[in-house]
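S.K.: Taking my numbering, the leading residue of the sequence shown gets 60, the next gets one more, and so forth. Yeah, the Cβ is synthetic: ideal placement off N, Cα and C, and Gly gets one too. I have a structure here, written as structure tokens, and I will follow up with some questions on it.
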Amino acid sequence: MLRYLYILFIISVFFGVSKGQNQKQIDSIIYKINNTSGIKKAKTFCLAANYYKRNKPDTAILLSRNALQLNTELNNDTIQSNALGNIAECYANKSQFDSATAYYVKAIVIAEKIGSQKKMASYNNGLGMVFYQLGDIQKSIVYMQKAAAIKLKEGDVLYYATINCNIAGALQRLGKYNEAIAILRDSESKLKSFDNVEIIANLYNSLGSAYQLQSKNIDSVEYYYKKCIDLITNPELDYYRLAAYINISDLYIEKNKLDLAEQNIFKALSVVNKLNLGIEKIKTFEILSHLYEKKNDFPKALNYKKLQLSLRDSLINSEKEQIIQELDKKYQTEKKDSQIKEQELIIEKDANKRNKLIILFILVVFVLIIVTVYFLFKKQSQKAIERAKQKFFSNVVHEIRTPLSMIQAPLSLLKKNKNTEEEQYQINLAEKSIKRLNELVNQMLDISKIETQKYKLNNAFGDIRVFFEELGSYYSAIAFEKNISLITQINFQSTLLYFDKDALEKITGNLLSNAIKYTKSNKQIGLTVNINELEEDVNLEIIVWDTGIGISKKDQENIFERFYRGSESLAHASGVGIGLSLVNDLVLLYNGSINLKSEVNKGSTFTVNIKLKKPDNVVLELNNTSHSTDQKQILIVEDDASILEFNSRLLQNNNYTVLQANNGIEALQIIEKTLPDLIISDVMMPGMDGLEFLTNLKNNEVTNHIPIIFLSAKSTPNSRIDVLSLGAQSYLTKPFLPDELLALVKNQLAILTKKQVEFEEKIKEPEKTVEEKFVGTEPYTQKLFKLIFTNLDSSELTVEFLADLMATNRSHFQRKLKSITGFSPSELIKIIRLEKAKEFLIAKKGNITEVAYMVGFSSQSYFTKCFTDYFKNSPSEMLQKHH
Ligand code: ADP
Numbered sequence: 060m061l062r063y064l065y066i067l068f069i070i071s072v073f074f075g076v077s078k079g080q081n082q083k084q085i086d087s088i089i090y091k092i093n094n095t096s097g098i099k100k101a102k103t104f105c106l107a108a109n110y111y112k113r114n115k116p117d118t119a120i121l122l123s124r125n126a127l128q129l130n131t132e133l134n135n136d137t138i139q140s141n142a143l144g145n146i147a148e149c150y151a152n153k154s155q156f157d158s159a160t161a162y163y164v165k166a167i168v169i170a171e172k173i174g175s176q177k178k179m180a181s182y183n184n185g186l187g188m189v190f191y192q193l194g195d196i197q198k199s200i201v202y203m204q205k206a207a208a209i210k211l212k213e214g215d216v217l218y219y220a221t222i223n224c225n226i227a228g229a230l231q232r233l234g235k236y237n238e239a240i241a242i243l244r245d246s247e248s249k250l251k252s253f254d255n256v257e258i259i260a261n262l263y264n265s266l267g268s269a270y271q272l273q274s275k276n277i278d279s280v281e282y283y284y285k286k287c288i289d290l291i292t293n294p295e296l297d298y299y300r301l302a303a304y305i306n307i308s309d310l311y312i313e314k315n316k317l318d319l320a321e322q323n324i325f326k327a328l329s330v331v332n333k334l335n336l337g338i339e340k341i342k343t344f345e346i347l348s349h350l351y352e353k354k355n356d357f358p359k360a361l362n363y364k365k366l367q368l369s370l371r372d373s374l375i376n377s378e379k380e381q382i383i384q385e386l387d388k389k390y391q392t393e394k395k396d397s398q399i400k401e402q403e404l405i406i407e408k409d410a411n412k413r414n415k416l417i418i419l420f421i422l423v424v425f426v427l428i429i430v431t432v433y434f435l436f437k438k439q440s441q442k443a444i445e446r447a448k449q450k451f452f453s454n455v456v457h458e459i460r461t462p463l464s465m466i467q468a469p470l471s472l473l474k475k476n477k478n479t480e481e482e483q484y485q486i487n488l489a490e491k492s493i494k495r496l497n498e499l500v501n502q503m504l505d506i507s508k509i510e511t512q513k514y515k516l517n518n519a520f521g522d523i524r525v526f527f528e529e530l531g532s533y534y535s536a537i538a539f540e541k542n543i544s545l546i547t548q549i550n551f552q553s554t555l556l557y558f559d560k561d562a563l564e565k566i567t568g569n570l571l572s573n574a575i576k577y578t579k580s581n582k583q584i585g586l587t588v589n590i591n592e593l594e595e596d597v598n599l600e601i602i603v604w605d606t607g608i609g610i611s612k613k614d615q616e617n618i619f620e621r622f623y624r625g626s627e628s629l630a631h632a633s634g635v636g637i638g639l640s641l642v643n644d645l646v647l648l649y650n651g652s653i654n655l656k657s658e659v660n661k662g663s664t665f666t667v668n669i670k671l672k673k674p675d676n677v678v679l680e681l682n683n684t685s686h687s688t689d690q691k692q693i694l695i696v697e698d699d700a701s702i703l704e705f706n707s708r709l710l711q712n713n714n715y716t717v718l719q720a721n722n723g724i725e726a727l728q729i730i731e732k733t734l735p736d737l738i739i740s741d742v743m744m745p746g747m748d749g750l751e752f753l754t755n756l757k758n759n760e761v762t763n764h765i766p767i768i769f770l771s772a773k774s775t776p777n778s779r780i781d782v783l784s785l786g787a788q789s790y791l792t793k794p795f796l797p798d799e800l801l802a803l804v805k806n807q808l809a810i811l812t813k814k815q816v817e818f819e820e821k822i823k824e825p826e827k828t829v830e831e832k833f834v835g836t837e838p839y840t841q842k843l844f845k846l847i848f849t850n851l852d853s854s855e856l857t858v859e860f861l862a863d864l865m866a867t868n869r870s871h872f873q874r875k876l877k878s879i880t881g882f883s884p885s886e887l888i889k890i891i892r893l894e895k896a897k898e899f900l901i902a903k904k905g906n907i908t909e910v911a912y913m914v915g916f917s918s919q920s921y922f923t924k925c926f927t928d929y930f931k932n933s934p935s936e937m938l939q940k941h942h
């Protein structure tokens, strides 16, 4: 009977394959399987099968089948042959040799097809091993020799020697020990130049077993086994001396060296345990059982026999468990993967939501930017259009100006010719129209200049009083043409100021033109100018009033807008609606204000307030309070149109300004707007008769100073007494002599002037105290002076303040005071302040600064200047004089 020896049959090309699987490699393979697809995945399946095929053939078969499954679509021959070869080897390891044969045959066919010599050698070797296992040793040797021939041809000596070891094993089974030894010796000689310990060690084990079975050179047996064991020094390669450990144990058992056998078989067991080699462990348990049987230690022998058999069963079961574990692991991994994917999906959803919000935000910002840019662009283009319009406007206006002057020039030449009356009339008409056109064109140019900020105020030094007097008389003539009387009141003396003549002319002129334009014939309009000296500058107040058509509340809000025309005006006069807007623009250039009070069918009052600069060397002509330049205003109240006309002409021809009223009511309305110096009134009138009118005047402390001359058809003494007792100054019976009326007028006015002179003289009386000088001759002035004295030290003592306290409108207050005293309120305040200061200084009530403050001056330098101008002595000179 042939001896049973353990020969290490090496099938796989990779020697490391038989070593225990490294967990890391397994993990990486599982990872790859889970994370790759297609050819890569199939290849990974093959690689994994390669790792598992020795110890976990079922797992390896499963993995290879997966590879084949995948490859049905891929049709990759290399994968196909690898997978088939692996399955074949696994079946061989599982001792399912029929299946192994079938798979090896398939694998060899494909390997041949793709011409892989390496694979053909490997599979032929494997198939040879299967036939060896099946007991068909002849066939086994045939296939292994085929493999060896390929390897020899390829010059793969290591593999050739390995296969030779396998062939030697087979030959041993046939009892052909010499042949086996010959092949092994041939291999030994070929391997001399190699230092591959695994192959050489295997060769030595094979030689040992061959010699052992040959039973000739029994010493060589132990020698070769030992050589095999000693050659392997690296514990990593322990596998290659495992067979030698097992065989040498067998040898020692045979030789009855049981202890040595025991030592070696336990070394084999430790390698088997270390590498966790199932099949080899079974063999080891078998030897151990045999050993202890020999040692007569039957319990141990039985124990190892049991271990051997149960291991054989459990190997298959444990492998199944392993498969389940692997599958479970895979399932868990997949589960985790899907959880991760789910989470990723949630994160992705969140991110999508966030992204949507961000996109929305960006969109909103983008839209905002576009809208802003659009409006900026629109604004810019509007500005550009506006600029282009202004340019076009000013170009057109300039273009109109040239032909206009070309019409005007020949007209003025024509005018010099000897023309018939009709011709002259036509020429004048043409000239008038050209003048109007010129005015319009100039206004338009001014507007365009103001809009482009090119309009500059050219303030020049001049007498503002003279300026308004000239302007008044110019417009008075225009008004006269329409039978309208212009009442000009300039409530101050010659005053030198800095002002833009042109601008003031445009402001006042436009207001006066409108007043004339929107007032019916035989009515009055007025120009009242006041100045109020402030410390640094002067407030100029221009009041233009009329008794015309008036302006409705709604129109009042718009009339300062360009091209706006009031609804009332449309039926009355033509126009373009630029005059008031120009006035407004110019007033704004002066940082001033314009106010309007108007009532439909009653009239309008425009009040302009602007500040003008005082020249430093302004001289207050306080002592020269001559009234000669003052045109006196006389109001004629008369219902008879012809008498009204006649008397008006008579007075106007004698340099009086005439105001006209048809009855007492109208007269009171005019008086509300301006205080005349004198009134000539009829007694019998419709509406309000003369007596009622007179009572009204005398009962009003603002008007009670105005002298009245009555003209009446009634010549009865009673009526005369009635009138005179009511306070009228004179009574003339119609028909009267014009000179008589003129003389009466002159007398009354002279009385007024006389009163003024008296007042002026009184304040110059040196022996009188200031309070005695300014005592007042009637209740109104008495009250006024009292107010001035009580508020003297206050800088709030202004004309407005006094007018308010006296319950009189400012312009009436101005006129009334001037009429009674010859001084304007501001002049009066200043004179009283300076007189009082002089008194304080002389009485040593304080030093100059203190006195200045005591009399209401807030600046000492201004006080000194006014004091010196008035007394012709400076405060210190005054002090010295009275030392
Ligand atoms: P125009 O007189 O050419 O129409 P203005 O700009 O001077 O243009 O005046 C604008 C509008 O104001 C006039 O159309 C008119 O309705 C109204 N207006 C101006 N002044 C007076 C006034 N004194 N009385 C009545 N309405 C006036």
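#1: With residue 861 and residue 884 assumed to form a contact (beta carbons below 8 Å), what rounded beta-carbon distance in angstroms separates them?
#2: Determine which residues share a DSSP beta bridge with residue 720 and list them.
#3: If you measure from the CB of residue 659, is any heavy atom of the ligand ADP nearer than 6 Å?
#4: For residue 545, count neighbouring C-beta atoms within 10 Å of its own C-beta (all shown protein chains included) and say buried if the count is 16 or more, exposed if not.
#5: CA-CA distance, residue 425 and residue 510?
#6: Since I believe residue 142 is in contact with residue 126 (beta carbons under 8 Å), could you give me their beta-carbon distance rounded to a whole number of angstroms?
#7: In chain order, what residues of the same chain have a beta carbon less than 7 Å from the beta carbon of residue 936, not counting five sequence neighbours either side?
#8: Does DSSP classify residue 583 as helix, strand or coil?
#9: Is it buried or exposed for residue 99, if we count other Cβ within 10 angstroms and need 16 for buried?
#10: If you measure between the beta carbons of residue 212 and residue 180, is that distance less than 7 Å?
#11: Pull up the distance between the alpha-carbon of residue 943 and that of residue 202, whole angstroms please.
#12: Between the alpha carbons of residue 744 and residue 791, how many angstroms are there, rounded?
#13: Quick one: is the Cβ of residue 573 within less than 6 Å of any heavy atom of the ligand ADP?
#14: With three or more C-beta pairs closer than 8 Å as the rule, is the region 566 to 585 touching the region 633 to 646?
#15: Please classify residue 372 as buried or exposed, where buried requires at least 16 neighbouring CB atoms within 10 angstroms.
#16: Is residue 667 near the ligand ADP, judged by its Cβ being under 6 Å from some heavy atom?
#17: Which residue wins for smallest C-alpha separation from residue 185, given the options 175, 415, 859 and 156?
#18: On a CA-only basis, which of 766, 363 and 605 is nearest residue 783? Give me that one, please.
#19: Can you list, in chain order, the stretches of the alpha helix (DSSP H) that have 4 or more residues and sit fully within the region 441 to 467?
#20: Output needed for residue 343: all residues of its chain with C-beta closer than 6 Å, excluding positions within five of it in sequence on either side, in chain order.
#21: When the Cβ atoms of the region 719 to 737 are set against those of the region 574 to 594, are three or more pairs found closer than 8 Å?
#22: Look up residue 600 in the DSSP assignment and say whether it is helix, strand or coil.
#23: Helix, strand or coil for residue 237, going by three-state DSSP, please let me know.
#24: Mind checking residue 383: buried by the 16 CB within 10 Å criterion, or exposed?
#25: At 4 residues or longer, what runs of the alpha helix (DSSP H) sit wholly inside the region 792 to 841?
#26: Using a Cβ-Cβ cut-off of 6 Å (strictly less than) and excluding sequence neighbours within five positions of residue 760, which residues of its own chain qualify?
#27: What do you reckon, are the CB atoms on residue 652 and residue 621 nearer than 7 Å?
#28: Going by alpha carbons, who is nearest to residue 149 out of 168, 115 and 182?
#29: Can you give me the C-alpha to C-alpha distance between residue 535 and residue 728, rounded to a whole angstrom?
#30: Using the C-alpha atoms, what's the distance from residue 736 back to residue 934?
#31: Return the CA-CA distance between residue 834 and residue 876, expressed in angstroms with no decimal places.
#32: Can you tell me whether residue 419 is buried or exposed? The criterion is at least 16 other CB atoms within 10 Å of its CB, across all chains shown.
#33: The ligand ADP and residue 568: does any heavy atom of the ligand fall closer than 6 Å to the residue's C-beta?
#34: Could you check how far apart the C-beta atoms of residue 626 and residue 614 are, in whole angstroms? I think they sit under 8 Å.
#35: Note the first and the last residue of the continuous alpha helix (DSSP H) segment covering residue 920.
#36: Classify residue 526 as helix, strand or coil using the three-state DSSP reduction.
M.R.: Short version:
#1: 6 Å
#2: 696
#3: Incorrect: residue 659 has no Cβ contact closer than 6 Å to the ligand ADP.
#4: buried
#5: 36 Å
#6: That pair is a contact at about 4 Å.
#7: none
#8: Look at residue 583 here: in three-state DSSP terms it is strand.
#9: exposed
#10: no
#11: No answer is possible for residue 943: the residues shown for the chain start at 60 and end at 942.
#12: Their Cα atoms are separated by approximately 16 Å.
#13: For residue 573, the Cβ falls inside the 6 Å cut-off from some heavy atom of the ligand ADP.
#14: yes
#15: Residue 372 counts as exposed, since fewer than 16 other C-beta atoms from the protein chains shown sit within 10 angstroms of its C-beta.
#16: no
#17: 156
#18: 766
#19: none
#20: 327, 328 and 331
#21: yes
#22: strand
#23: helix
#24: In this predicted model, residue 383 has a pLDDT of only 49, less than 50, meaning its place in the structure is not dependable; the value taken from the coordinates is given anyway. Label assigned to residue 383: exposed.
#25: 797 to 821 and 829 to 832
#26: 839
#27: no
#28: 115
#29: 20 Å
#30: Straight-line measurement puts the Cα of residue 736 at about 38 Å from the Cα of residue 934.
#31: 14 Å
#32: Note on residue 419: under 16 other CB atoms within 10 angstroms of its CB, so exposed under the neighbour-count rule.
#33: no
#34: 6 Å
#35: 919 to 930
#36: Residue state, collapsed to three classes: helix.
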